[in-house]
Amino acid sequence: MSRTFLGIPVHRGPGSAVGRPDEPFGPVPHPVEPLRWGPSFPEAAREALKNTRLRGNLAHATSTIRAKRARVVDEVPDWEALRDAGSAVKTRVLAELPELLQELERNVTARGGVVHWARDGAEANRIVADIAKAKGADEVVKVKSMATQEIGLNEALAEEGIGAVETDLAELIVQLADDMPSHILVPAIHRNRSEIRDIFLARMGDAPPDLSDVPRELAMAARAHLRRKFLSAKVAVSGANFAVASTGTLAVVESEGNGRMCLTLPDTLVTVMGIEKLVPSFEDLEVFLQLLPRSSTGERMNPYTSLWTGVTPGDGPQEFHLILLDNGRTSVLADEVGRAALHCIRCSACLNVCPVYERVGGHAYGSVYPGPIGAILTPQLTASSGGVSGHGDPNASLPYASTLCGACYDVCPVKIDIPSILVDLRAREVDADRSHPTVWGAAMKSASWAMSDAGRFRLAGSSARAGRMLARDEVIHHLPFPGSLWTGSRDLPAPPKQTFHAWWDERERAAAHPEEDR
Amino acid sequence: MTDARTEILARIRAALGGGDQRVIGSSSDDRQPGLPITPQPADHVREYRTAGEHAPGSAEVLELLVDRLVDYRAHVVQIPADGVAAAVAAALIPTATGTPETVPGAVNGAVEPPGDGLARAPRAVVVPPGLDPAWTAALADAGVEVRTDTREAPLSNAELDSAAAVVTAARVAIAETGTIVLDGAPDQGRRAISLVPDVHVCVVRADQVVQTVPEAVRLLAPEADRPQTWISGPSATSDIELDRVEGVHGPRTLHVVVVQGP
Ligand code: SF4
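Going down the list, the sequences are from chains A and B.
FYI, the numbering for the first sequence is 25 to 542, going by the numbering used here.
FYI, the numbering for the second sequence is 106 to 367, going by the numbering used here.
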């Protein structure tokens, strides 16, 4: 893997300031764009790093899940063969996407479902709202779904006077706190048990006043709170983990049973699915239903997986709508290199092993897709890299939110080479800057100029050593030119004895083995 | 204006058809041009295991299944073919000591007896139309109302909510992952009946237990259009500090009765 470090270019984008981390709830205002909010990554990260409670919560949660994952992955003798198969299936899906989507459409329609196509989030939101209105529903129950977060469905429904009730425990916590999710799988991972108790007591309405912070009690409070809604809801909205083209079968993988409630009890079900979520045949599920649970929650199998095909008379929803969502995916697909990001099955393993994610948390990425996958997917979905949307775009800094340690690639169940895609996206930025010289571009080029020659790199190292004299509290905030172009975007720990080169080497080594320093 | 379907399909074709063959590193200064990150569409590589080393229903797979289920805090009993009625009754009706029978080895106190279930007031137990009536005979003898739910005459959500438990059969079970699959056949019933009642008693024949996920998927594939529910333990969440807590919206207690022999 490349060891090139290009520095994080700073950009102080528009958008709201990052939330004050000490506020009990709702530090993150609901963004207009779920894929582009807050300041740029470096700025948001610097704020997040000051929040020691956040870092404590994240370190605890991610180290728990890493250990669980490692244990259940190790016991699978053919894990690597499954990863290869997962990767190959997804590659084939993208290559044959038009045919497979039409096959899926045919099969869902033949089984009594209705298939809709949506070019963007607004179009998808309109379809959902129209269905809910046609059913006379002023409230829908929702299964946790990245696709509906990505398009801001809840906010769009609210504007139409339709309430969307998140039923996944972590989503419920985020929704009650008026917060934004910070993790793909566990959106409230930044909250610890006592914060969750406080949120429930303040916002749930029917939480028992003597509620403790024991996780089981918190879960029981959520059960009681949502039960009536499940039993009476008319319309449910879900995402999909997989859709089988050859049979028209949809799959939702979950733990709590809230998914089964939504997929089974209401009479109308609307499923919003990214166009890349396909698998060609039913047998392909045998690959992904082994890869996903072990990679995501670190379980041999998640408690519940629901599979349904169109409408089954007398069992479950009697009206089923499937919305196939583009929303930027086709422009990701157009990139030979970056399209591998569309293989993602949203397991979140790459977040849990990422040394950057663990320290800054999900909100710093300014997107519903945080962590390593977010760093490659978000800027592509919003066409932010390569200067397409201009340097005013905070998402353009996302490919720099990585040490390129490679841990994400090692755990990815579908073998997405995230580090290589990150480097490619960075390179595109540099290319774009050749024709649009800016301070940012100059910093980038200064970095790559210094990095491209060993002698210059060491020289840069010794001038950094001179920086000891500039350091306050072990951190260099500003270096003289040309180093100032770097420290404008990141604070360098003062290198008291080592050269910068040696310091960086060590830092990368440590980052590559995050378990070792705990 | 073109419709969304036409436009999306055209966008996909354009994305796949045109464009430069860019390769990793091609646009940077000093890195070696590498291989394309997206290989050409490969045929499926299926070098993973498509079956386990142990036969369905063998002692090894049963032992594995029990181990996995206990790990999920499910209650498991293994009984001979003529013991189903007694095992179902034992799971749902309090014994002399006041608690339903549990598998030895389940973590003590980890599973609460059905709090507002039969222990206090025996209420209705729901069954699907095709369930062997002999399985619930002992319940009926003990005065428990056994209510049959069908697609044609379904119980309401409220009726299911007030029922104490549900008894179903299963389609297949996967030992390695501790998973039981229901596919809506007449002895398993509508999806709602194994969801809303707080206690689920699931009867699995030994010969339905396979070792691996692919074996189960291939059994299920011919009738893939049936609604399937894969169940691995009682409902659970890991949403609070990523610690697993059993019992959220689905049944909080899962009893698995493994029937050995013919
Ligand atoms: S990129 Fe890979 S590891 Fe990360 S969420 Fe997606 S599938 Fe999981």
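Every residue, glycine too, gets a C-beta built ideally from N, C-alpha and C.
Remember, predicted model here, so these are calculated numbers, not experimental data.
Could you tell me the boundaries of the beta strand (DSSP E) in which residue i lies?
i                 : result
GLY137 of chain A : 137-142
LYS439 of chain A : Note, LYS439 of chain A: premise wrong, no beta strand (DSSP E); not H, not E.
CYS307 of chain B : 304-310
SER262 of chain A : 259-262
GLU184 of chain A : Segment: none, GLU184 of chain A is in no beta strand (DSSP E) and carries neither H nor E.
SER330 of chain A : 328-333
ASP348 of chain B : 348-351
ASP344 of chain B : 341-345
THR253 of chain B : 251-253
ILE213 of chain A : Unbroken run through ILE213 of chain A: none, as it is neither H nor E.
ALA273 of chain B : Going by the sequence as given, residue 273 of chain B is Thr instead of Ala. Taken as a continuous stretch (DSSP letters only), the beta strand (DSSP E) holding THR273 of chain B covers 270-273.
Mind pulling the chain A residues with CB within less than 8 Å of residue i?
i                 : result
VAL322 of chain B : PHE306, GLU307, LEU309, GLU310, LEU313
SER340 of chain B : SER279, GLU280, GLY281, PRO327, TYR328
PRO332 of chain B : SER330, LEU331, TRP332, THR333, THR336, ASP339, GLY340
GLU152 of chain B : ASP102, ALA105, ASP108, ALA109
VAL230 of chain B : Here the premise fails: no neighbours, minimum Cβ distance about 19 Å.
ARG173 of chain B : ARG324
ILE336 of chain B : PRO327, TYR328
Quick one: grab the DSSP three-state call for residue i.
i                 : result
LEU128 of chain A : helix
PRO185 of chain B : strand
TYR389 of chain A : helix
MET297 of chain A : strand
ALA158 of chain A : helix
GLY322 of chain A : coil
LEU177 of chain A : helix
LEU289 of chain A : coil
ILE336 of chain B : strand
HIS360 of chain B : strand
HIS345 of chain A : strand
ARG110 of chain B : helix
ALA267 of chain A : strand
ALA191 of chain A : Ala is not the amino acid found at residue 191 of chain A; the sequence shown has Thr there. THR191 of chain A: coil per DSSP, three-state reduction.
Specify, as a first and last residue, the run of the alpha helix (DSSP H) that residue i falls within.
i                 : result
GLY110 of chain A : 103-119
GLY80 of chain A  : 76-98
TYR381 of chain A : 379-384
GLN404 of chain A : 395-405
LYS166 of chain A : Careful: LYS166 of chain A lies outside any alpha helix (DSSP H), inside the beta strand (DSSP E) at 163-166.
PHE306 of chain A : It is not in any alpha helix (DSSP H) - PHE306 of chain A carries neither H nor E in the DSSP assignment.
GLY281 of chain A : Segment: none, GLY281 of chain A is in no alpha helix (DSSP H) and carries neither H nor E.
Taking its Cβ as the centre, do 16 or more other Cβ atoms sit within 10 Å of residue i, making it buried, or is it exposed?
i                 : result
ARG130 of chain A : exposed
LYS74 of chain A  : exposed
ARG77 of chain A  : exposed
SER262 of chain A : buried
GLU346 of chain B : buried
ASP359 of chain A : buried
VAL238 of chain A : exposed
ALA258 of chain B : exposed
THR415 of chain B : This structure does not reach residue 415 of chain B, given that chain B is present from 106 up to 367, and the question cannot be answered.
GLU382 of chain A : buried
GLU174 of chain A : buried
ASP303 of chain B : buried
THR288 of chain A : buried
Quick one: list the residues of chain B neighbouring residue i, beta-carbon separation under 7 Å, in chain order.
i                 : result
THR288 of chain A : ARG296, ALA297, LEU300
GLU147 of chain A : ALA109
VAL544 of chain A : Nothing can be reported for residue 544 of chain A, as the shown portion of chain A is limited to 25 through 542.
Could you list which residues in chain B have their beta carbon closer than 9 Å to that of residue i, in chain order?
i                 : result
ASN216 of chain A : ILE345, GLU346
ASP350 of chain A : ALA109, GLU112, ILE113, ARG116, ILE117
Run through chain B and tell me which residues come within less than 8 Å of residue i, C-beta to C-beta.
i                 : result
LEU250 of chain A : HIS354
Please list the partners that residue i has in chain A, where partner means a Cβ-to-Cβ separation under 9 Å.
i                 : result
VAL315 of chain B : Under the 9 Å cutoff, chain A gives no residues; its nearest Cβ is about 11 Å from VAL315 of chain B.
ASP266 of chain B : ARG251, LEU255
ARG256 of chain B : THR336, PRO337, GLY338, ASP339
Starting from residue i, find everything on chain A with Cβ-Cβ shorter than 7 Å and list it in chain order.
i                 : result
VAL318 of chain B : GLU310, LEU313, GLN314
Any contact between the stretch 74-93 of chain A and the stretch 370-378 of chain A? By contact I mean 3 or more CB pairs, one from each, below 8 Å.
Verdict: yes, contact present.
Quick check: the stretch 261-272 of chain A against the stretch 299-319 of chain A, are there 3 or more CB pairs under 8 Å?
Touching, yes, given that three or more Cβ pairs across the two stretches are closer than 8 Å.
Mind the definition here: the stretch 218-227 of chain A touches the stretch 242-253 of chain A only if three or more C-beta pairs lie below 8 Å; say whether that holds.
At 8 Å Cβ cutoff, the stretches touch.
contact_flag[the stretch 224-235 of chain A, the stretch 336-344 of chain A] where n(CB pairs < 8 Å) is 3 or more:
As far as the Cβ criterion goes, the stretch 224-235 of chain A does not touch the stretch 336-344 of chain A, which means the pair count is below three.
Give a yes or no on contact between the stretch 305-322 of chain A and the stretch 145-155 of chain A, applying the rule of three or more CB pairs nearer than 8 Å.
Pairwise C-beta distances place the stretch 305-322 of chain A out of contact with the stretch 145-155 of chain A, as fewer than three of them are shorter than 8 Å.
For the structure I just gave you, are there three or more beta carbon pairs, one from the stretch 290-298 of chain A and one from the stretch 270-290 of chain B, closer than 8 Å?
Judged by Cβ distances under 8 Å, the stretch 290-298 of chain A makes no contact with the stretch 270-290 of chain B, as fewer than three pairs qualify.
At least 3 beta-carbon pairs within less than 8 Å: the stretch 134-142 of chain A vs the stretch 156-169 of chain A
Touching, no, given that fewer than three Cβ pairs across the two stretches are closer than 8 Å.
The stretch 185-201 of chain A touching the stretch 276-283 of chain A, judged by at least three CB pairs closer than 8 Å
Counting Cβ pairs under 8 Å, three or more are found: they touch.
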